[in-house]
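Visitor: Counting from 1 along the sequence shown, just add 264 to a position and that's the residue number in the working numbering. Ideal placement from N, C-alpha and C gives every residue a C-beta, glycine not left out. Given the structure is predicted, the values throughout are model-derived calculations rather than measurements. Take this structure first; my questions come after.
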Amino acid sequence: MNADWPEPLRSIGVTVMQLITKTGSENAANAVIRLNPLDDVLIARQPIPQGLVLEAEGLVALNPIPSGHKIATRTIEPGQPLRRYGQIIGFASQRIKAGEHVHVHNLVMGDFSRDYAFGVDARGVGPQTSDTFMGIVRADGRVATRNYIGILTSVNCSATVAKAIADHFRRDINPQALIDYPNVDGVVALTHSFGCAVDPGGEALAMLRRTLGGYAVHPNFASVLMIGLGCETNQIADLLAAQGLEKGEFLRAFTIQGTGGTSKTIASGIEQVKSLLARANQVERQPVSASHLIIGLQCGGSDGYSGITANPALGNAVDRLVAAGGTAILSETPEVYGAEHLLTRRAVSQEVGEKLIKRIHWWEDYCKRMNAELNNNPSAGNKAGGLTTILEKSLGAVAKAGSSDLVDVYEYAETVRAHGLVFMDTPGYDPISATGQVAGGANLIAFTTGRGSAYGCAPSPSIKLATNTRLWETQEEDMDVNCGGIADGSMTIEERGEYIYRMMLRIASGERSKSEQHGYGQNEFVPWQIGAIT
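Structural data, given as structure tokens:
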């Protein structure tokens, strides 16, 4: 067993073995990766041509195997389970021969029991560290990683006005607008498509209000303008009351109808932002404990390497953050489906573990109501990258959670108050998921990708981790970290985990990530809408 692998992978006996053939062919050397002695599949480290001999496994490739895809280690009869990471990832839909390509044409989902074993692997608080970063301390003691002025909308009808106000302060459009305010990271408008024609007492509106309320008090905003139309279901006064908020100097609210129309509202908003800039600029970064970091964990555009390289390396960084007193939010409930038992085993109590299972059951019921299946994930890109079922994807996805105990479970956009590893119920769609995490308090996002997701987040910076070196080489302008060397043995999970953790501290201290340099963030604000639109 390789001790370099963090939980939950280490707890199920994951090892990485380099299988080198002795045929003398350069292409055959290091061609595949074995993750666990119990596995029925190997992972292609490189494109494998038909007929290639894998002598160490006693196999001959019966089909061409794309990089990141699976090759069967033995003959598997229809209905038999297949394992990767030592865990079931699906069942054979037809007879699979040893050496054959394993993918959507011969591997399908199926029901099987999972032992939740609440808390059996929880190990308590380990040795603590005292790492710091250069943060911005607000007057009430909250700590920020960025310093924006935010413009939020109660309804889609005020989106155009909000964007026009923010555009006035864009450095690429109006370079002089913020020239006297170097400590202000920018003015961002976070708009959405909802806010009206919904049940005023329903769950959908409550969730939207919880999301907007979380952003309104996010420490990365020095001040916030909340703009509505005036006649929408999501009345600003009701929104603020529901979230226990009040208008004031740093949370201003007004409507287009109340101000007198579009042009007057834009002019008023610009003047209000101008009046806030001087005070927003009066900040200085200072050393603060890493315990103030709240990291939202994301993976998008995953591939067959995600669960081998970037996700476990991020999990290693998460363990380091938790040891420093910080918090990591694992989410994307449909993408832990089938691997939730690896998290319940690390729950600090049966109550916490059962909260997670309750969210899993909610998703099962939700999909039934919507005539959908949880296995509509993986996406087309995930499958092209080698992932076949949601079980396989989930087993790799939970590696982002490292080995720390699961200390609490939250609903979407709920304020995260615990320190340590927590779970937030969100969809798997990255912008919606990350929006919920930031609403809950995440002041940094760590995002792994194998296909090359283009994503950024405002007001919380996003770090992008490439799962394979090919992606790093072709899309380096979007990637902050290359984890591909873990697959070829040129780097270890431990080394990358330390590197990622130190980058987290640097980005939190003000260093700009690649997505920030490209201006991502405003369009990626996507609250989860689960209700009926009438």
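Shortest alpha-carbon distance to Leu-557 belongs to which of Leu-735, Gly-399 and Met-373?
Guide: One-based indexing of the sequence shown puts residue 557 at position 293. The candidate whose alpha carbon is nearest that of Leu-557 is Gly-399.
Visitor: Distance, Cα to Cα, Arg-760 vs Gln-786?
Guide: Position 496 of the sequence shown, counted from the first residue, corresponds to residue 760. Position 522 of the sequence shown, counted from the first residue, corresponds to residue 786. Rounded to whole angstroms, Arg-760 to Gln-786 spans 30 Å at the Cα level.
Visitor: Nearest CA to the CA of Lys-664: which residue from Ala-461, Gln-440, Asp-395 and Leu-607?
Guide: Counted from its first residue, the sequence shown places residue 664 at position 400. Of the listed residues, the one whose Cα sits closest to Lys-664 is Leu-607.
Visitor: Any idea what DSSP makes of Ala-751, helix, strand or coil?
Guide: Walking along the sequence shown from the start, residue 751 turns up at place 487. Of the three classes helix, strand and coil, the one that applies to Ala-751 here is helix, per DSSP.
Visitor: Where does Tyr-765 fall in DSSP's three states?
Guide: In the sequence shown, the residue the question calls residue 765 occupies position 501. Looking at Tyr-765 - three-state DSSP - the assignment turns out to be helix.
Visitor: Does the Cβ of Ser-394 have 16 or more other Cβ atoms within 10 Å, making it buried, or fewer, making it exposed?
Guide: The residue given as residue 394 occupies position 130 in the sequence shown. So Ser-394 ends up on the exposed side.
Visitor: Ends of the beta strand (DSSP E) at Ser-566?
Guide: The residue given as residue 566 occupies position 302 in the sequence shown. No beta strand (DSSP E) holds Ser-566; DSSP gives it neither H nor E.
Visitor: DSSP state of Lys-334, grouped into three classes?
Guide: Working through the sequence shown from its first residue, we reach residue 334 at position 70. Residue state, collapsed to three classes: strand.
Visitor: Where do the ends of the beta strand (DSSP E) carrying Lys-728 lie?
Guide: The count along the sequence shown starts at 1 and reaches residue 728 at position 464. Its beta strand (DSSP E) spans residues 726-730.
Visitor: Can you confirm whether the stretch 331-338 touches the stretch 295-312 when touching is taken to mean that 3 or more C-beta pairs between the two stretches lie within less than 8 Å?
Guide: The stretch 295-312 vs the stretch 331-338: in contact.
Visitor: Nearest to Ala-574 by CA position, among Arg-434, Val-600 and Gly-666, is which residue?
Guide: By 1-based counting over the sequence shown, the position of residue 574 is 310. Answer by Cα proximity: Gly-666.
Visitor: So, for Gly-388: in the same chain, excluding its five sequence neighbours on each side, which residues have a beta-carbon less than 8 Å away from its beta-carbon?
Guide: Taking the sequence shown and counting its residues from 1, the one referred to as residue 388 is at position 124. So the qualifying residues of the chain are Asp-669.
Visitor: Would you kindly work out how many angstroms separate the C-alpha atoms of Thr-713 and Gly-564, rounded to a whole number?
Guide: In the sequence shown, residue 713 corresponds to position 449, counting from 1. In the sequence shown, residue 564 corresponds to position 300, counting from 1. Roughly 5 Å separates the two Cα atoms.
Visitor: My parser needs the alpha helix (DSSP H) runs of 4 or more residues fully inside the stretch 553-611; what are they?
Guide: The stretch 553-611 contains these whole alpha helix (DSSP H) runs: 574-587 and 604-608.
Visitor: Mind the definition here: the stretch 702-716 touches the stretch 607-626 only if three or more C-beta pairs lie below 8 Å; say whether that holds.
Guide: The stretch 702-716, when compared against the stretch 607-626, does not touch it at the 8 Å Cβ threshold.
Visitor: Taking C-beta to C-beta, are Val-462 and Gly-700 nearer than 8 Å?
Guide: Walking along the sequence shown from the start, residue 462 turns up at place 198. Walking along the sequence shown from the start, residue 700 turns up at place 436. No.
Visitor: The beta strand (DSSP E) with Val-488 in it runs from where to where?
Guide: The residue labelled residue 488 in the question sits at position 224 within the sequence shown. Run containing Val-488: 485-492, per the beta strand (DSSP E) assignment.
Visitor: Just grab the DSSP bridge partners of Met-688 for me.
Guide: As a first step, residue 688 is located in the sequence shown; it is residue number 424 there, counting from the start. Met-688 pairs with Tyr-674.
Visitor: Is Ala-430 helix, strand or coil when you go by DSSP?
Guide: Here the question's residue 430 lines up with position 166 in the sequence shown. Reduced to three states, the DSSP call for Ala-430 is helix.
Visitor: From the DSSP output, in three-state form, read off Gly-288 for me.
Guide: In the sequence shown, the residue the question calls residue 288 occupies position 24. Only weak support is given to the placement of Gly-288: the predicted model assigns it a pLDDT of 30, under 50, and the question is left unresolved by the model.
Visitor: Exposed or buried, what is Arg-543 when buried is set at 16 or more other beta-carbons lying within 10 Å of its beta-carbon?
Guide: Counting from 1 along the sequence shown, the entry for residue 543 is found at position 279. Under this definition Arg-543 is an exposed residue.
Visitor: Quick check: the Cα distance between Asn-447 and Leu-541, rounded to an integer number of angstroms?
Guide: Here the question's residue 447 lines up with position 183 in the sequence shown. Here the question's residue 541 lines up with position 277 in the sequence shown. Computed Cα separation, rounded: 10 Å.
Visitor: Which of the three DSSP states is assigned to Arg-406 in this structure?
Guide: Here the question's residue 406 lines up with position 142 in the sequence shown. DSSP places Arg-406 in coil when its eight states are reduced to three.
Visitor: Report, in whole angstroms, the separation of the C-beta atoms of Ala-706 and Ile-593, which I expect to be a contact under 8 Å.
Guide: On the sequence shown, position 442 is the one that residue 706 refers to. On the sequence shown, position 329 is the one that residue 593 refers to. 6 Å between Cβ atoms; contact.
Visitor: Answer yes or no: do Thr-591 and Gly-684 have a C-beta to C-beta separation smaller than 8 Å?
Guide: To locate residue 591, count along the sequence shown from 1; it is residue 327. To locate residue 684, count along the sequence shown from 1; it is residue 420. Yes.
Visitor: For Asp-583, which residues in the same chain have their Cβ closer than 7 Å to its Cβ, ignoring the five residues on either side in sequence?
Guide: Taking the sequence shown and counting its residues from 1, the one referred to as residue 583 is at position 319. Excluding residues within five positions, the ones whose Cβ falls inside 7 Å are Pro-270, Gly-666, Ser-667 and Ser-668.
Visitor: For Ser-570, which residues of its own chain have a beta-carbon under 7 Å away from its beta-carbon, when the five flanking residues on both sides are left out?
Guide: Counting from 1 along the sequence shown, the entry for residue 570 is found at position 306. Contacts found: Cys-563, Gly-660, Thr-712, Gly-714 and Thr-731.
Visitor: If you run the structure through DSSP and keep just helix, strand and coil, what is Met-471?
Guide: Along the sequence shown, one-based indexing puts residue 471 at 207. Helix.
Visitor: Are the beta-carbon atoms of Gly-414 and Phe-485 separated by less than 8 Å?
Guide: Position 150 of the sequence shown holds residue 414. Position 221 of the sequence shown holds residue 485. For Gly-414 and Phe-485, yes; Cβs fall inside 8 Å.
Visitor: Does the beta-carbon distance from Pro-551 to Thr-396 come in below 8 Å?
Guide: Working through the sequence shown from its first residue, we reach residue 551 at position 287. Working through the sequence shown from its first residue, we reach residue 396 at position 132. Contact flag set, yes.
Visitor: By a C-beta neighbour count over all protein chains shown, 10 Å radius and 16 as the cutoff for buried, is Leu-273 buried or exposed?
Guide: Looking up residue 273 in the sequence shown gives position 9. Unreliable positioning characterises Leu-273 in this predicted model, as indicated by a pLDDT of 44, which lies under 50. A coordinate reading is not provided.
Visitor: What do you get for His-365, buried or exposed, if any count of 16 or more other CB atoms within 10 angstroms of its CB means buried?
Guide: Working through the sequence shown from its first residue, we reach residue 365 at position 101. That one is buried.
Visitor: Taking 6 Å as the limit between beta carbons, can you name the residues of its chain near Met-743, skipping five residues before and five after?
Guide: Here residue 743 is taken as the residue at index 479 of the sequence shown, counted from 1. Cβ neighbours of Met-743 beyond the five flanking positions: Lys-728, Ala-730 and Trp-736.
Visitor: Which one or two residues does DSSP pair with Ile-400 in a beta bridge?
Guide: If you number the sequence shown from 1, residue 400 lands on position 136. BP columns for Ile-400 point to Ala-408.
Visitor: Look at the Cβ atom of Gly-363, then the Cβ atom of Val-419, and state whether they are nearer than 8 Å.
Guide: On the sequence shown, residue 363 is found 99 positions in, with the first residue counted as 1. On the sequence shown, residue 419 is found 155 positions in, with the first residue counted as 1. No, the Cβ-Cβ distance between Gly-363 and Val-419 is not below 8 Å.
Visitor: Under three-state DSSP, which class holds Pro-791?
Guide: Translated into the one-based positions of the sequence shown, residue 791 becomes position 527. Pro-791 falls in the coil class under three-state DSSP.
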